[in-house]
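Student: In the working numbering, the protein residues as written are 2 to 556.
1. Does DSSP classify residue 100 as helix, strand or coil?
2. Could you tell me the distance, in whole angstroms, from the CA atom of residue 403 to the CA atom of residue 515?
3. Span of the beta strand (DSSP E) holding residue 465?
4. Mark residue 333 as exposed unless 16 or more other C-beta atoms lie within 10 angstroms of its C-beta, in which case mark it buried.
5. Any idea if residue 153 is buried or exposed, counting beta-carbon neighbours within 10 angstroms, 16 or more meaning buried?
6. Less than 8 Å between C-beta atoms, sequence neighbours within five positions excluded: which residues of the same chain meet that for residue 291?
7. To the nearest whole angstrom, what separates the beta carbons of residue 242 and residue 314, a pair I think is in contact under 8 Å?
8. Between the segment 396 to 416 and the segment 466 to 478, do at least 3 Cβ pairs fall closer than 8 Å?
9. Taking DSSP as the reference, what is the three-state secondary structure of residue 539?
10. What residue from 483, 185, 16 and 39 has the CA that sits closest to residue 223's CA?
11. Any idea what DSSP makes of residue 172, helix, strand or coil?
12. Report yes if the C-beta distance between residue 32 and residue 239 is below 8 Å; otherwise report no.
13. Applying the criterion that 16 or more other CB atoms from any shown protein chain within 10 Å of the CB defines a buried residue, is residue 526 buried or exposed?
14. Taking only the alpha-carbon atoms, compute the straight-line gap between residue 370 and residue 231 and give it to the nearest angstrom.
15. Tell me residue 329's beta-bridge partners as DSSP assigns them.
16. Residue 82 and residue 159: beta carbons closer than 8 Å?
17. Please give the ranges of any alpha helix (DSSP H) in the segment 50 to 79, keeping only runs that are unbroken, at least 4 residues long and fully inside the region.
18. Mind pulling the alpha helix (DSSP H) runs of 4 or more residues that sit fully within the segment 465 to 520?
19. Let me check one thing: in DSSP terms, what residues is residue 448 bridge-paired to?
20. What does the alpha-carbon distance come out to for the pair residue 255 and residue 506?
21. Which whole-angstrom value is the C-beta distance of residue 524 and residue 556, which I expect to be below 8 Å?
22. Helix, strand or coil for residue 17 per DSSP?
23. Using beta-carbon positions only, say whether residue 552 and residue 540 come within less than 8 Å of one another.
24. If I'm right that residue 353 touches residue 522 with Cβ under 8 Å, what's the distance once you round it to whole angstroms?
25. Can you give the Cα-Cα distance for residue 248 and residue 195, rounded to whole angstroms?
26. Cα separation between residue 101 and residue 107?
27. If the criterion is Cβ atoms closer than 8 Å, does the pair residue 279 and residue 519 meet it?
28. On the DSSP letters alone, give me the boundaries of the alpha helix (DSSP H) that residue 430 sits inside.
29. Looking at the structure shown, is residue 350 part of a helix, part of a strand, or coil, going by DSSP?
30. What span of residues does the alpha helix (DSSP H) with residue 560 cover, start to end?
31. Considering only residues of the same chain and omitting the five flanking positions on each side of residue 64, which have a CB-CB separation below 6 Å?
32. From residue 461 to residue 62, what distance separates their C-alpha atoms?
33. Per DSSP, what kind of secondary structure is residue 109 in: helix, strand or coil?
34. Are any of the Cβ atoms in chain C nearer than 8 Å to that of residue 332?
35. With a threshold of 8 Å, are at least 3 pairs of Cβ atoms found where one atom belongs to the segment 87 to 97 and the other to the segment 68 to 79?
36. Can you find the residues in the same chain that come closer than 6 Å, C-beta to C-beta, to residue 356, ignoring five residues on each side of it along the sequence?
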């Protein structure tokens, strides 16, 4: 395979399996770097082709520097994604196509996702995206168009990127002693394992056996960030300029860092296990559905999976990952569940279609998240939890949300005693602050009034109408967009109160009083801690938050 072809292959979704049948996934850990420093305590191997056919050995104690010369941007087309659905859901796709074509828009179906095999089982993450024709070369213009169409029609729109020509660069590796090497577009780096002791045939005292998570670790630094990474990495030019550093490692090893980043490390073991299963499922379910214009499968941010390498992973976290090795959640449709999770629900989780315009998922239903015997303030009858409804079809009412916020917090998250500032919160912003924030969100003006058009079953605002001093009205759809445009609120499960009217009837300030942190779909991570502290096992916790999904050991 030509070296350029190897670089192109990075943009194709691949879940590899190592010699011990462990799934391996490429995760971006650093992006837009101008200088990358790499070292390993036992030395490292520079792989020119990724398969060991061409390699340079660097002794222990020596760091190398990687730079990109003659950087060339890639050519990428940006489609406004008007709708998406699992590839087999033809009814949803036909309905979406009909909706947009009735409004005079031309659409093109685009297949994303992948089919891949793990331990002999074929997994299917494929979806069909309806893209607006023609695509745009400018990403910012595509984002503006998506926002415009989403606001106008009350739909959750986004941007889907398609790589025509990947970015390019000549990579230069400089080692101590004046040694230098060059390669086009991609280079791999692998830590050498510890050497066994001269006698006894086993590892030296304090060293991990070869092949274990601690046996071969790279230290990678760029832009003030220093990471300890298992497995190996490759460096390649990324979209947006600079170099991307991608960690190729066993999913189970990556999960140790993910779980440590996602949940309280002091949480009960069953909460850690629940997080491990949810994160593993989420990682595998996202393969091929994110980062279409990037040379990796997932990133290390909350957008995909919070991951900071495996430096100093607590023993309890590693134990939780090992104890649930290979366990994932399969939904009632036979596919991996898209196991969303969030910090704090606020007392009630949310239907997935109310957070994102997607088909309702039977395993992602919003439901009360209250301790046993607590009344559900959002229920029509206020009945005990055992018989409470899961919210009206139209969503929670304004009155019931106020009742929730005015009453005592009986949520499982609150029972944990953690994240108190996220369970209930209140913030006030001046009119000037709100005007500036709305301007940054592309809906600027002096805000005179607002009206909640729709709430989800958890009470989260999902559709909001803004009226400005000049009489212009804007309708905003989307839980995430709503909370971001008001200076990054913790959630949209809130009531909004204007301050005293000033010039032109514009309130002098706005007060936001709410509950929860995040979109509310799937597992409440702090609630899982509270449940585990009261003796709930991890499978029971998962069954509550992903009702009807089954835990199965995939490998």
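Backbone N, C-alpha and C fix where the C-beta goes; we use that ideal spot for every residue, glycine too.
Tutor: Quick look at the numbers:
1. Mapped onto the chain shown, residue 100 falls at position 99. Three-state result, residue 100: helix.
2. Taking the chain shown and counting its residues from 1, one reaches residue 403 at position 402. Taking the chain shown and counting its residues from 1, one reaches residue 515 at position 514. Between residue 403 and residue 515, the C-alpha separation is close to 9 Å.
3. As a working mapping, residue 465 is identified with position 464 in the chain shown. Its beta strand (DSSP E) spans residues 462 to 469.
4. Looking up residue 333 in the chain shown gives position 332. It is exposed - the Cβ of residue 333 has fewer than 16 other Cβ atoms within 10 Å.
5. As a working mapping, residue 153 is identified with position 152 in the chain shown. The residue is exposed, with fewer than 16 neighbouring Cβ atoms inside 10 Å.
6. As a first step, residue 291 is located in the chain shown; it is residue number 290 there, counting from the start. Excluding positions up to five away in sequence, the list reads 298, 299, 300, 304 and 305.
7. Looking up residue 242 in the chain shown gives position 241. Looking up residue 314 in the chain shown gives position 313. Contact doesn't hold; Cβ gap of about 32 Å is too wide.
8. no
9. Along the chain shown, one-based indexing puts residue 539 at 538. Helix, per DSSP.
10. Numbered from 1 along the chain shown, position 222 holds the residue referred to as residue 223. It is 39 whose Cα lies nearest to the Cα of residue 223.
11. Indexing the chain shown from 1 puts residue 172 at position 171. Three-state DSSP puts residue 172 in a strand.
12. In the chain shown, residue 32 corresponds to position 31, counting from 1. In the chain shown, residue 239 corresponds to position 238, counting from 1. Yes, Cβ-Cβ distance for residue 32 and residue 239 is below 8 Å.
13. The residue you call residue 526 lines up with position 525 of the chain shown. Counting Cβ neighbours within 10 Å, residue 526 comes out buried, since at least 16 surround it.
14. Start at 1 with the first residue of the chain shown, and residue 370 comes out as number 369. Start at 1 with the first residue of the chain shown, and residue 231 comes out as number 230. Their backbone Cα atoms lie some 37 Å apart in a straight line.
15. Mapped onto the chain shown, residue 329 falls at position 328. Note: residue 329 sits in a beta bridge opposite 553.
16. As a first step, residue 82 must be located in the chain shown, where it is residue number 81. As a first step, residue 159 must be located in the chain shown, where it is residue number 158. Yes.
17. none
18. 480 to 486
19. Position 447 of the chain shown, counted from the start, is the residue given in the question as residue 448. According to DSSP, residue 448 bridges with 469.
20. If you number the chain shown from 1, residue 255 lands on position 254. If you number the chain shown from 1, residue 506 lands on position 505. Cα to Cα, the separation comes out at about 54 Å.
21. Start at 1 with the first residue of the chain shown, and residue 524 comes out as number 523. Start at 1 with the first residue of the chain shown, and residue 556 comes out as number 555. Actually they are not in contact, since the Cβ atoms of residue 524 and residue 556 sit about 22 Å apart, beyond 8 Å.
22. In the chain shown, counting from the first residue as 1, residue 17 sits at position 16. Three-state DSSP puts residue 17 in a strand.
23. Here residue 552 refers to the residue found at position 551 when the chain shown is read from its first residue. Here residue 540 refers to the residue found at position 539 when the chain shown is read from its first residue. For residue 552 and residue 540, yes; Cβs fall inside 8 Å.
24. In the chain shown, the residue the question calls residue 353 occupies position 352. In the chain shown, the residue the question calls residue 522 occupies position 521. At roughly 5 Å, the Cβ-Cβ gap stays under 8 Å, so residue 353 and residue 522 are in contact.
25. In the chain shown, counting from the first residue as 1, residue 248 sits at position 247. In the chain shown, counting from the first residue as 1, residue 195 sits at position 194. When rounded, the distance between both Cα atoms is 20 Å.
26. Looking up residue 101 in the chain shown gives position 100. Looking up residue 107 in the chain shown gives position 106. Straight-line Cα distance between these residues: approximately 8 Å.
27. Against the chain shown, residue 279 aligns to sequence position 278. Against the chain shown, residue 519 aligns to sequence position 518. Result no, Cβ atoms of residue 279 and residue 519 do not sit closer than 8 Å.
28. Position 429 of the chain shown, counted from the first residue, corresponds to residue 430. Premise fails: residue 430 lies in the beta strand (DSSP E), 425 to 431, not in any alpha helix (DSSP H).
29. Translated into positions along the chain shown, residue 350 becomes position 349. Residue 350 falls in the coil class under three-state DSSP.
30. Residue 560 lies beyond the residue range present for the chain, which begins at 2 and ends at 556; the question has no answer from this structure.
31. Numbered from its first residue, the chain shown carries residue 64 at position 63. Result list for residue 64: 38 and 40, in chain order.
32. Residue 461 sits at position 460 when you count from the first residue of the chain shown. Residue 62 sits at position 61 when you count from the first residue of the chain shown. Looking at the two C-alpha atoms, the distance is approximately 54 Å.
33. By one-based count along the chain shown, residue 109 stands at place 108. Note: residue 109 maps to strand in three-state DSSP.
34. Given the protein chain composition of this structure (a single chain), no chain C is represented.
35. no
36. Against the chain shown, residue 356 aligns to sequence position 355. Correct list, in chain order: 480, 520 and 522.
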